[in-house]
Amino acid sequence: MTSGLTMQAATPDDAYEFVAPFRAPQGSPIRELFKYVGRPGMISFAGGYPSKDLFDRDGLAQALEAAYRSDPIACLQYGDTAGAPLLRRSLARLMAVRGVECSGDDILVTTGSQQGFDLLVRTLIAPGDTALIEEPAYPAAIQALRLAGATIVTMRTDSDGIDVDALADQLDTWGDAKRPKLLYTVPTFANPTGATLPRARREALVRLAARHRIVLVEDDPYGELRFAGTPVPPILALADACPGARDWVVYFGSLSKIVAPGLRIGWAVAPAPIARRMIVAKQTSDLCTSPLSQEAARHYLDSGSLELHLRSIVGAYRSRCDALLKALAHFAPEDIEFCAPQGGMFVWARLSAGRDAAEVLKRAIERNVMFVPGTAFFVRNPDVSSLRLSFAAPSEAEAFEGARRLASALA
Ligand SMILES: Cc1ncc(COP(=O)(O)O)c(C=O)c1O
Numbered sequence: 005m006t007s008g009l010t011m012q013a014a015t016p017d018d019a020y021e022f023v024a025p026f027r028a029p030q031g032s033p034i035r036e037l038f039k040y041v042g043r044p045g046m047i048s049f050a051g052g053y054p055s056k057d058l059f060d061r062d063g064l065a066q067a068l069e070a071a072y073r074s075d076p077i078a079c080l081q082y083g084d085t086a087g088a089p090l091l092r093r094s095l096a097r098l099m100a101v102r103g104v105e106c107s108g109d110d111i112l113v114t115t116g117s118q119q120g121f122d123l124l125v126r127t128l129i130a131p132g133d134t135a136l137i138e139e140p141a142y143p144a145a146i147q148a149l150r151l152a153g154a155t156i157v158t159m160r161t162d163s164d165g166i167d168v169d170a171l172a173d174q175l176d177t178w179g180d181a182k183r184p185k186l187l188y189t190v191p192t193f194a195n196p197t198g199a200t201l202p203r204a205r206r207e208a209l210v211r212l213a214a215r216h217r218i219v220l221v222e223d224d225p226y227g228e229l230r231f232a233g234t235p236v237p238p239i240l241a242l243a244d245a246c247p248g249a250r251d252w253v254v255y256f257g258s259l260s261k262i263v264a265p266g267l268r269i270g271w272a273v274a275p276a277p278i279a280r281r282m283i284v285a286k287q288t289s290d291l292c293t294s295p296l297s298q299e300a301a302r303h304y305l306d307s308g309s310l311e312l313h314l315r316s317i318v319g320a321y322r323s324r325c326d327a328l329l330k331a332l333a334h335f336a337p338e339d340i341e342f343c344a345p346q347g348g349m350f351v352w353a354r355l356s357a358g359r360d361a362a363e364v365l366k367r368a369i370e371r372n373v374m375f376v377p378g379t380a381f382f383v384r385n386p387d388v389s390s391l392r393l394s395f396a397a398p399s400e401a402e403a404f405e406g407a408r409r410l411a412s413a414l415a
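Here the sequence shown is numbered in this note's numbering, starting from 5 and rising by one per residue.
Okay, here's the thing in structure tokens:
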């Protein structure tokens, strides 16, 4: 496990009697790769990081300054565990833009949406409880479920996301005895596949969750990064059309991909009984999300900067994605196949002839280009020939050069 700590311990690990999931913990395989990112000349398609060239540095500097000037004490003091009331109201307005009706009272501010999922898992999952997850899936969601001791059952997916008909059959055969407690999905521009679940499947999925009383987790950090195709409403927005369904959906939003992950601002919209318990869990986690960050985020949202910024990053991601896909088709037409995403940050690809992406990565790193082998996104039985390429960070010229180097690693 990469901890970032280098201190040598004299006492063996097993002296500490760690709880089961921490006895032989596996750190994030993606974070393991980051030791190569800083290498001079490296072109990285690996991280799900927003582009450093696209941060709205001036807008955020103004928001931080305005936050501090207008209420320094609010910035410096502890705040409400559920979040600063004014930011909660601003986030409710953002949810309205996404088609979800809610008030500030329905919003729980979290320290990144990752914390939100962790809090939810703590409130719902006991060791042995079943949780459904799409496969391939976001590794930190798999990790949170593993650490909670969940029995993780994967759902079949295709290029449009979860195969909801197959899931319905599976749930019917299981009956109530094996009923999963939670279902996790990134339905819009998924990490890692870039897939977007069509509206009809969303409607069927939310009906299914309500009928089987499964908490449906909609993780939506990428939804606003659409650069092609027609927008699809969040699952939470569609839940209102199905009586009782809203009680079974927990939505996670984040400013990480659309503003800056360093703010660590995420939020949850959850049914009140769940939200109340997540707040109790958050009290023992961090007491409150950084009030300085929250105030800055509020100023940023209320100033209208987000809309302007979104326009600029969505355009840039469109160009970067196009550049990468064209270059891959040009340099490696026989070696790699992929689906073009309509937004987000990721292209999911497959190497031809069942080649092992981890082996290719070693040669790619020698040529100063990186990606994430697909095995990182599977609970079990990984597809070794799959890989995830993020087009967010490299410029168009770098995407072109990176694809050329990748083709050379494949040759
Ligand atoms: C699907 C998904 N959910 C959540 C997160 C974490 O977001 P945050 O920075 O808000 O914790 C990420 C980050 O990569 C992600 O890809």
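For glycine and all other residues, C-beta sits at the position ideal for the given N, C-alpha and C. The structure presented is a predicted model; accordingly, all values stated were derived computationally and were not measured.
Taking 7 Å as the limit between beta carbons, can you name the residues of its chain near alanine 144, skipping five residues before and five after?
Ser32, Gln118
Less than 7 Å between C-beta atoms, sequence neighbours within five positions excluded: which residues of the same chain meet that for methionine 5?
With a pLDDT of 39 at methionine 5, under the threshold of 50, the modelled position of this residue cannot be trusted; read the value that follows with caution. Counting only Cβ-Cβ distances below 7 Å, and skipping sequence neighbours, we find Pro29, Gln30, Gly31.
In three-state terms, what does DSSP make of proline 138?
According to the sequence shown, residue 138 is glutamate rather than proline. Three-state DSSP puts glutamate 138 in a strand.
From the DSSP secondary-structure annotation, give me the bridge partner or partners of methionine 374.
Ser48
Spatial neighbours of serine 94 within its chain, please: CB distance less than 7 Å, with the 5 preceding and 5 following residues excluded, ordered by chain position.
Arg302, Leu305, Asp306
Below 8 Å on the Cβ atoms is my contact criterion, and I expect alanine 415 with proline 54 to pass it. Report the Cβ-Cβ distance as a whole number of Å.
The pair is not a contact, with the Cβ atoms about 32 Å apart (cut-off 8 Å).
Collapsed DSSP secondary structure at tyrosine 40 in the structure displayed
coil
According to DSSP, simplified to helix, strand and coil, what is methionine 349?
coil
Give the single residue among Glu402, Pro275, Leu391 whose Cα lies nearest to the Cα of valine 124.
What sits at residue 124 in the sequence shown is leucine, not valine. Nearest of Glu402, Pro275, Leu391 to leucine 124, Cα basis: Pro275.
Take aspartate 369 as the anchor and find which of Ala331, Phe381, Ala403, Leu410 has the nearest alpha-carbon.
First, the residue type needs correcting, since residue 369 is isoleucine and not aspartate in the sequence shown. The candidate whose alpha carbon is nearest that of isoleucine 369 is Leu410.
When DSSP labels each residue in this structure, what does tyrosine 72 get in the three-state scheme?
helix
Short check: CB of proline 398 to CB of isoleucine 166, under 8 Å?
no
Is glycine 179 helix, strand or coil by DSSP?
coil
Thinking C-beta only, is lysine 185 closer than 8 Å to alanine 249?
no
What is the DSSP secondary structure of tyrosine 304, counted as helix, strand or coil?
helix
Report the option in Val157, Ala148, Leu391 whose CA atom is closest to the CA atom of tryptophan 178.
Val157
Euclidean distance between Cα positions of valine 318 and proline 225
14 Å
Would you grab the beta carbon distance between valine 236 and leucine 220 for me? Rounded to a whole angstrom, and I think it's under 8 Å.
Incorrect: roughly 16 Å between the Cβ atoms, too far for contact.
In whole angstroms, what separates the C-alpha of glycine 270 from that of serine 289?
15 Å
Closer than 7 Å to a non-hydrogen atom of ligand 1 - does that hold for the CB of serine 260?
yes
Among Leu391, Phe350, Phe22, the one whose alpha carbon lies nearest that of threonine 379
Leu391
Glutamate 311 - containing alpha helix (DSSP H), residue span
309-335
Top-ranked residue by Cα proximity to alanine 243, from Glu228, Asp57, Ala172, Ala204:
Ala204
Give me the Cα-Cα distance between alanine 401 and alanine 199, rounded to the nearest whole angstrom.
25 Å
Classify histidine 216 as buried or exposed, calling it buried when 16 or more other Cβ atoms lie within 10 Å of its own Cβ.
buried
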